[in-house]
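Trainee: Position one of the sequence shown corresponds to residue 3 (this note's numbering), numbered consecutively onward.
Even glycine gets a Cβ: it sits at the ideal position worked out from N, Cα and C.
Predicted, not measured: the structure shown is a model, and the values here were computed from it.
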Amino acid sequence: MSVKTAGLEKATVSNHLGLEHEAMYHLSVSLNNLLSDYHIFYQNVRGFHWNVSGSDFFDLHVRFEELYKELSNDIDELAERIVTIGYKPLHAYSDFLTNTTHMEVKNVKDGKQCVNHVINGLGMLIASQRKVAVEASHAEDIATTDLLTKFIVDLEKRLWMFTMSSK
Ligand SMILES: [Fe+2]
């Protein structure tokens with residue numbers, strides 16, 4: 003093997019899926035950060051579901067449940083994508099708290115405040131997903147790009163609905 007060939011092979015070393023190894027490592031870190039964001043936001047929405055009170059209780063209680071169920075589904079698909087590309091998904095809340103940009107929200111029960119927190123959290127989550135989707139695209143990981151795009155489409159629709167309900 004010539005030096006030139008060896009150098010080329012090193013520069014394009016692929017993983018078991020045929021994707022560039024180093025790019026996929028960096029992507030796995032980004033995906034675990036996203037998984038951490040998802041978990042903290044998910045738990046915040048569960049708190050809103052349990053604690054919301056007032057005249058909008060029946061509606062918001064149901065809407066928050068719909069949202070946290072969707073987040074839960076996304077979480078599972080995201081974690082299994084991390085495994086599929088060859089890495090370990092974080093699963094301890096201590097790790098999620100270290101790697102998230104979201105804050106835990108406690109002791110909120112007012113419906114409008116809960117909705118505002120949901121709008122803010124959805125906006126943060128979608129912004130992070132867009133960045134990671136672009137990173138996955140640059141790494142030619144079309145499946146991860148497609149998965150995140152699907153998440154973004156659904157969460158943008160929910161963001162639109164919660165935004166309309168707050169006006
Ligand atoms: Fe419930």
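Taking all protein chains shown into account, do 16 or more other C-beta atoms lie within 10 angstroms of the C-beta of residue 166, making it buried, or fewer, making it exposed?
Mentor: It counts as exposed.
Trainee: Would you mind sorting residue 5 into buried or exposed? The rule is 16 or more other CB atoms within 10 Å of its CB.
Mentor: Because the pLDDT of residue 5 is 44, which lies under 50, any placement of that residue in the model is unreliable, and the number read from its coordinates should be weighed accordingly. Exposed.
Trainee: In angstroms with no decimal places, state the Cα-to-Cα distance between residue 45 and residue 120.
Mentor: Taking the straight line joining both Cα atoms gives about 11 angstroms.
Trainee: Taking the alpha helix (DSSP H) that residue 22 belongs to, which residues open and close that run?
Mentor: No alpha helix (DSSP H) contains residue 22, which DSSP labels as neither H nor E.
Trainee: On a CA-only basis, which of 77, 108 and 117 is nearest residue 98? Give me that one, please.
Mentor: When only C-alpha atoms are compared, the closest one is 77.
Trainee: Judging by CA-CA distance, which residue of 103, 105, 104 and 112 is the nearest neighbour of residue 51?
Mentor: Checking every option, the nearest Cα to that of residue 51 belongs to 112.
Trainee: Please classify residue 35 as buried or exposed, where buried requires at least 16 other C-beta atoms within 10 Å of its C-beta.
Mentor: When all chains shown are included, residue 35 counts as buried.
Trainee: Tell me residue 96's beta-bridge partners as DSSP assigns them.
Mentor: DSSP, once it has assigned bridges, lists no residue as partnering residue 96.
Trainee: For residue 112, does the three-state DSSP call read helix, strand or coil?
Mentor: Correct three-state label for residue 112: strand.
Trainee: Go ahead and label residue 19 buried or exposed: buried means 16 or more other beta carbons lie within 10 angstroms of its beta carbon, across all protein chains shown.
Mentor: So residue 19 counts as exposed.
Trainee: What distance in whole Å lies between the Cβ atoms of residue 146 and residue 83, which are believed to be in contact at a cut-off of 8 angstroms?
Mentor: That belief holds up - the Cβ atoms of residue 83 and residue 146 are roughly 6 angstroms apart, short of 8 angstroms.
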